[in-house]
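Down below is the structure, laid out as structure tokens.
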Amino acid sequence: MVVMVTKAQVPDAEDSDIIGKTNEGVTGTSEGASSSSSTKCKPVFSREIRYVCGSDGQQYTNPSIFAYHQCVAKEQGKELEQVDMKFCEKEDL
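Heads up: the sequence shown at position 74 corresponds to 74 in the UniProt record's numbering, and the numbers run straight through without jumps.
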């Protein structure tokens, strides 16, 4: 399971501290990440901070994390595409 962490969620964090996290801990590579035996998708994540918006309305920390989720979605028969960041902006209520 990958959890996306944004700077808004961790206001005191440096940009270099915000990366994809798994239930195994912080990961910038496949070390420490576990992939389910039911998926052939490789959880290889970079430490790069370059947000990507998915067609599921989720904001991913970087393209490598997005690519992993895209692969898992494809295996589940779902489509996940990268879309314009404006689709991931939350409206203030």
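Heads up, the beta-carbon is just placed ideally off N, CA and C, and yes, glycines get one too.
Nearest to residue 64 by alpha-carbon distance, out of 76, 89, 41 and 86, is 41. Within 10 angstroms of the beta-carbon of residue 70 lie 16 or more other beta-carbons, which makes it buried. Collapsing the DSSP output to three states places residue 70 in a helix. Under the three-state reduction of DSSP, residue 53 is assigned to strand. Beta-bridge pairing by DSSP links residue 59 to 53.
CA-to-CA, the gap between residue 74 and residue 89 works out to about 24 Å.
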